[in-house]
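Input: a single structure, listed below in structure tokens.
There are 2 protein chains.
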Amino acid sequence: MSTTIKDVAEMAGVSIATVSKFLNNIHISQENAVIIEESIKSLNYQKNEIASGLKVNRTKTVGVILPRLVDIFSTGIVVSIEDRLSKLGYNVLVCDCGQDPQIMCTKLRLLLGKKVDGLIVFPLLDSKELIEELKKVTIPIVIVDQKIEGFDTVRVDNEGAAFEVTDHLISKGHNNIAIICGPVFNYTSIERYKGYTKAFRTHDMEIPRQYVFNTDYTTPGGYNCFMDIWKMQEKPTAVFGTNYQVSLGILLAARELNLKIGKDFSFFSFDNFELAQIVDPPLSTVIQETRLMGEEVSEIFLSRMNKETSENIIIEKVVPTRVIYTDSVVEAGF
Amino acid sequence: MSTTIKDVAEMAGVSIATVSKFLNNIHISQENAVIIEESIKSLNYQKNEIASGLKVNRTKTVGVILPRLVDIFSTGIVVSIEDRLSKLGYNVLVCDCGQDPQIMCTKLRLLLGKKVDGLIVFPLLDSKELIEELKKVTIPIVIVDQKIEGFDTVRVDNEGAAFEVTDHLISKGHNNIAIICGPVFNYTSIERYKGYTKAFRTHDMEIPRQYVFNTDYTTPGGYNCFMDIWKMQEKPTAVFGTNYQVSLGILLAARELNLKIGKDFSFFSFDNFELAQIVDPPLSTVIQETRLMGEEVSEIFLSRMNKETSENIIIEKVVPTRVIYTDSVVEAGF
DNA sequence: TTGAAAGCGCTAACAT
DNA sequence: ATGTTAGCGCTTTCAA
Chain W
1 MSTTIKDVAE MAGVSIATVS KFLNNIHISQ ENAVIIEESI KSLNYQKNEI ASGLKVNRTK
61 TVGVILPRLV DIFSTGIVVS IEDRLSKLGY NVLVCDCGQD PQIMCTKLRL LLGKKVDGLI
121 VFPLLDSKEL IEELKKVTIP IVIVDQKIEG FDTVRVDNEG AAFEVTDHLI SKGHNNIAII
181 CGPVFNYTSI ERYKGYTKAF RTHDMEIPRQ YVFNTDYTTP GGYNCFMDIW KMQEKPTAVF
241 GTNYQVSLGI LLAARELNLK IGKDFSFFSF DNFELAQIVD PPLSTVIQET RLMGEEVSEI
301 FLSRMNKETS ENIIIEKVVP TRVIYTDSVV EAGF
Chain H
1001 MSTTIKDVAE MAGVSIATVS KFLNNIHISQ ENAVIIEESI KSLNYQKNEI ASGLKVNRTK
1061 TVGVILPRLV DIFSTGIVVS IEDRLSKLGY NVLVCDCGQD PQIMCTKLRL LLGKKVDGLI
1121 VFPLLDSKEL IEELKKVTIP IVIVDQKIEG FDTVRVDNEG AAFEVTDHLI SKGHNNIAII
1181 CGPVFNYTSI ERYKGYTKAF RTHDMEIPRQ YVFNTDYTTP GGYNCFMDIW KMQEKPTAVF
1241 GTNYQVSLGI LLAARELNLK IGKDFSFFSF DNFELAQIVD PPLSTVIQET RLMGEEVSEI
1301 FLSRMNKETS ENIIIEKVVP TRVIYTDSVV EAGF
């Protein structure tokens, strides 16, 4: 097949050991360095990382296991990780698992067979078996967007963000605040709901349970849910859409009903900064900084690879969200 | 580190060659098979694909090089490929290149060093250097969403789809048809524009150049463009948004201007089936079947791996689009 | 500074 | 059917 270190050695008239040293930046004589470099160029030689990896027991690859890649949150983080780590020669093996915990386990095995240097996992709430498998693994693991005992984690302060939003709405005089959550067994959805309830408790108010909705976190889900909400006898004065898709659905439904946001009702959305900024009025929204999250994940992985952090210490990074306030929220009663 | 074939052999009391045969489904005695299987289980042994790959000169990995992963079209295809190939033990290494042709080349080298078995490339229009590099490569390559001489390709019939759309609009009596394209140097944008012009030519009509717009294929781009269009003295009677983001922007702008689609103007969108179906009226749209595309890509790759297709034959797969007609388009003048 | 040689974990002749 | 052995392309002692 392609040229090997042997070909380079022969052409340069040195031993393969010397070429290897050159490749690994171990000092060799100037003259040899020059001739080896020339040989490499003219043969268009490229180090076989597989062979090298077999020897030194690393592959310069990391595996990413996630429920669903077709999701701007996931891809945003993956891109950020890939961007950071590729500069250090790493490649990212992505495994989309179609929201299926069983497939997550299968793909974990696949990645382990490929001897990835590390693992980045976006678990599902019911990934019990996966977690058990992960506990047996000895390579660095970073868990994303969920807190799991005993693992390094990077996540967003979902509860804090939802608290901040709800608290703000309450402070603007709203008490009939609708929240459109995701599936009941979705970690982030639960966290965001917690923030919502916490805000009411903090204000010594009762939680308006009739305004709590669960959807499948899709645009049609949000759309239909809002359509239902607007059929209610006593409509909420504010609506909180807790993810991108749902918020888009709400937005579309509201436009269809000819409702003016910031007038007929106050609206807080999640994610979709770009979308939020172009509509009129711009939407109040919670931004999850996926680039930052990917960077944090990468740093943790690298610090584990370099054994910079004691194994006894587990790293928990809660990345703050950025909450944008706009005229989509107004004082209640106006 | 982890257990090796040697450990299994020792535990089972056979040679490593026998274990290897077992692993590769070469027939061995029943009794040995049983004892080896037990040893593997109790040691939790897993074959080292790296070592195996070094020997047999394959890695069971494919590299994907694309301009931008954060894009439902790209991710849809990647997921489909990964789904198909992972069943055969392959992993996918994704390389997001931030729309930068130079980075594409850099990441190609990275992947080549990892000895991927094949390459799946979504080129940019100005990926000249990348293409030159790819010509030197000996592993199977599949080009996606663009036609490049000498390579196997899978793409959508962009021109045909745009023709069909425009032809339909013309047949409904429209002649002031606005098209909102992407960047001037974007392959699919160019193809779609070709279909648009072809339809006018076919009907012996002049192309209404004042209604041809270029954007950056983003939602704000589409939004702003439509806002400008609606300031025109003589407004178009139909608008064709040629990708998802642009169509969403148009939709939002129209709602904001209180325009009723299918009444104030006819609208044809691209992609976003889910979105298109939930608004009122549902949107006429062109669907690109990313799952199908990923499957085609996978089949081509596999047929090349298995040398099922003569090297002299290049495979060109044009995946048809699915055009959905709804009440978002009405007869002109109504 | 350099090179010979062992060996990473596996496969595939080949011989038994 | 099984085992011995060479070797995939590389790194890394160790001796020169």
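Protein chains in written order, with the working numbering: chain W, 1 to 334; chain H, 1001 to 1334. Note that beta-carbon positions come from the ideal geometry of N, C-alpha and C, so glycine has one too.
Where residue i falls: helix, strand or coil (DSSP)
{"i": "residue 1332 of chain H", "result": "coil"}
{"i": "residue 1251 of chain H", "result": "helix"}
{"i": "residue 1058 of chain H", "result": "coil"}
{"i": "residue 190 of chain W", "result": "helix"}
{"i": "residue 1148 of chain H", "result": "coil"}
{"i": "residue 5 of chain W", "result": "helix"}
{"i": "residue 1220 of chain H", "result": "helix"}
{"i": "residue 1273 of chain H", "result": "helix"}
{"i": "residue 1327 of chain H", "result": "coil"}
{"i": "residue 46 of chain W", "result": "coil"}
{"i": "residue 1308 of chain H", "result": "coil"}
{"i": "residue 174 of chain W", "result": "coil"}
{"i": "residue 13 of chain W", "result": "coil"}
{"i": "residue 98 of chain W", "result": "coil"}
Residues that DSSP places opposite residue i in a beta bridge
{"i": "residue 93 of chain W", "result": "W:63, H:1093"}
{"i": "residue 1317 of chain H", "result": "H:1154"}
{"i": "residue 322 of chain W", "result": "W:287"}
{"i": "residue 240 of chain W", "result": "W:179, W:268"}
{"i": "residue 1213 of chain H", "result": "H:1180"}
{"i": "residue 1019 of chain H", "result": "According to DSSP, residue 1019 of chain H bridges with nothing at all."}
{"i": "residue 26 of chain W", "result": "DSSP output for residue 26 of chain W lists no bridge partner at all."}
{"i": "residue 261 of chain W", "result": "W:265"}
Given residue i as reference, the closest of the options once Cα atoms are compared
{"i": "residue 116 of chain W", "options": "W:140, W:232, W:175", "result": "W:140"}
{"i": "residue 1236 of chain H", "options": "H:1225, H:1245, H:1244", "result": "H:1225"}
{"i": "residue 1328 of chain H", "options": "H:1069, H:1284, H:1294, H:1313", "result": "H:1284"}
{"i": "residue 69 of chain W", "options": "H:1076, H:1063, H:1065, H:1068", "result": "H:1076"}
{"i": "residue 1172 of chain H", "options": "H:1195, H:1266, H:1031, H:1254", "result": "H:1266"}
{"i": "residue 1160 of chain H", "options": "H:1231, H:1199, H:1106", "result": "H:1199"}
{"i": "residue 1081 of chain H", "options": "H:1153, H:1150, H:1296, H:1059", "result": "H:1296"}
{"i": "residue 3 of chain W", "options": "W:40, W:179, W:145", "result": "W:40"}
{"i": "residue 127 of chain W", "options": "W:148, W:113, W:261, W:43", "result": "W:148"}
{"i": "residue 238 of chain W", "options": "W:168, W:7, W:318, W:256", "result": "W:168"}
{"i": "residue 1164 of chain H", "options": "H:1182, H:1233, H:1191, H:1097", "result": "H:1191"}
{"i": "residue 1042 of chain H", "options": "H:1136, H:1259, H:1009", "result": "H:1009"}
{"i": "residue 274 of chain W", "options": "H:1223, H:1130, H:1144", "result": "H:1223"}
{"i": "residue 1213 of chain H", "options": "H:1227, H:1292, H:1125", "result": "H:1227"}
{"i": "residue 6 of chain W", "options": "W:107, W:193, W:24, W:45", "result": "W:45"}
{"i": "residue 1293 of chain H", "options": "H:1320, H:1234, H:1029, H:1326", "result": "H:1320"}
Amino acids of chain H, ordered along the chain, whose beta-carbon sits closer than 8 Å to that of residue i
{"i": "residue 51 of chain W", "result": "1054"}
Partners in chain H for residue i, counting only beta-carbon separations shorter than 7 Å
{"i": "residue 72 of chain W", "result": "1070"}
{"i": "residue 252 of chain W", "result": "1278, 1279"}
{"i": "residue 76 of chain W", "result": "1070"}
{"i": "residue 107 of chain W", "result": "1086"}
{"i": "residue 79 of chain W", "result": "1069, 1070, 1096"}
Closer than 9 Å at the beta carbon, the chain H residues around residue i
{"i": "residue 126 of chain W", "result": "By Cβ distance, chain H contributes nothing, its closest Cβ being about 21 Å from residue 126 of chain W, past 9 Å."}
{"i": "residue 223 of chain W", "result": "1278, 1279"}
For residue i, the first and last residue of its enclosing beta strand (DSSP E)
{"i": "residue 1119 of chain H", "result": "1118-1121"}
{"i": "residue 143 of chain W", "result": "141-144"}
Closer than 7 Å: residue i CB and nearest the ligand SAH heavy atom
{"i": "residue 1249 of chain H", "result": "Among the components modelled here there is no ligand, and therefore nothing to report on the ligand SAH."}
Chain-ordered neighbours of residue i on chain W, where CB pairs are closer than 9 Å
{"i": "residue 1089 of chain H", "result": "110, 113"}
{"i": "residue 1307 of chain H", "result": "Residues of chain W passing the Cβ test: none, with the nearest at roughly 15 Å."}
{"i": "residue 1095 of chain H", "result": "82, 86, 91, 92"}
{"i": "residue 1259 of chain H", "result": "Residues of chain W passing the Cβ test: none, with the nearest at roughly 11 Å."}
Unbroken alpha helix (DSSP H) run spanning residue i, endpoints
{"i": "residue 207 of chain W", "result": "No alpha helix (DSSP H) holds residue 207 of chain W; DSSP gives it neither H nor E."}
{"i": "residue 76 of chain W", "result": "72-86"}
{"i": "residue 232 of chain W", "result": "Per DSSP, residue 232 of chain W belongs to no alpha helix (DSSP H) and is neither H nor E."}
{"i": "residue 1130 of chain H", "result": "1128-1136"}
{"i": "residue 113 of chain W", "result": "101-113"}
Contact set between residue i and chain W, taken where Cβ atoms lie within less than 8 Å
{"i": "residue 1249 of chain H", "result": "278"}
{"i": "residue 1215 of chain H", "result": "What residue 1215 of chain H touches in chain W: nothing, since even the nearest Cβ is about 13 Å away."}
{"i": "residue 1274 of chain H", "result": "218, 219, 220"}
{"i": "residue 1003 of chain H", "result": "Near residue 1003 of chain H there are no residues of chain W at all, since even the closest Cβ is about 12 Å away, more than 8 Å."}
Within chain W, the residues that residue i reaches when beta carbons sit closer than 7 Å
{"i": "residue 1255 of chain H", "result": "255"}
{"i": "residue 1048 of chain H", "result": "115"}
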